[in-house]
Amino acid sequence: MLEDGHWAIFIFKEQVFVPTMARTKAGFYMGIEPVEVVDVRDHAAVEQALMRAISRGNPSIPTPVRATFPKNPLLKYAKVKSDSSFDKQTKSWQLSKRDGAYFIVPYRLRKDRGKEEDTERGEAMPDDLPLETVVRSLVGRALGSQ
Numbered sequence: 003m004l005e006d007g008h009w010a011i012f013i014f015k016e017q018v019f020v021p022t023m024a025r026t027k028a029g030f031y032m033g034i035e036p037v038e039v040v041d042v043r044d045h046a047a048v049e050q051a052l053m054r055a056i057s058r059g060n061p062s063i064p065t066p067v068r069a070t071f072p073k074n075p076l077l078k079y080a081k082v083k084s085d086s087s088f089d090k091q092t093k094s095w096q097l098s099k100r101d102g103a104y105f106i107v108p109y110r111l112r113k114d115r116g117k118e119e120d121t122e123r124g125e126a127m128p129d130d131l132p133l134e135t136v137v138r139s140l141v142g143r144a145l146g147s148q
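So the sequence shown is numbered by my numbering: it starts at 3 and just counts up by one.
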């Protein structure tokens, strides 16, 4: 059975970015390499990339400090210079597992800056479902409007 964790996909123009999501010692998650880039029209390839990211787990990394906070690795794939520009141009979805359930949640832009979970549009699924079913549901919801 899959351990608790957090994974994400980012939809940018005609591509889907699927980073490895690391967990910092402070407890927050951040995208790191490797990052897979998949054509947005190929739902099966997106599902496979997300399954590979899940199989990599959430590596534990030291909590970065402000002075040495690493640059978002997705910016180079999107060919944009700032997180704010990236946030404005992407749709983001997360898959997490905790408390005996899977949670599929989209992100929305915050009024000040950055993104936040849009829990009103989220969905909980029991963790006894096959992981492939949960991933297919996430990809279907995230790419359904593409």
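Ideal Cβ positions, reconstructed from N, Cα and C, are used throughout, including at glycine.
On a predicted model such as this, the values are computed, not experimentally measured, just so you know.
Between residue i and residue j, what straight-line distance do the alpha-carbon atoms span, to the nearest angstrom?
i	j	result
Val82	Thr121	28 Å
Ile106	Gly124	6 Å
Gly102	Pro75	31 Å
Val141	Lys73	26 Å
Trp9	Lys93	14 Å
For residue i, which option in the options has the closest C-alpha, if you only look at C-alpha atoms?
i	options	result
Met53	Thr22, Gly102 and Asp101	Thr22
Ser84	Glu134, Thr135, Arg115 and Val137	Arg115
Trp2	Val18, Leu4, Asp6 and Glu5	Nothing about residue 2 can be read from this structure; the chain reaches only from 3 to 148.
Glu118	Lys90, Ala47 and Val136	Lys90
Ile11	Thr135, Leu4, Arg68 and Ile56	Ile56
According to DSSP, which residues form a beta bridge with residue i?
i	result
Tyr104	Lys99 and Met127
By Cβ distance below 8 Å, which residues in the same chain neighbour residue i in space, the five residues on each side in sequence not counted?
i	result
Lys27	Ser62, Ile63, Pro64 and Thr65
Leu145	Ile13, Val18, Val42, His45 and Val48
- [ ] Could you say if the segment 13-31 and the segment 107-121 meet the contact criterion of at least three C-beta pairs nearer than 8 Å?
- [x] No: fewer than three Cβ pairs fall under 8 Å.
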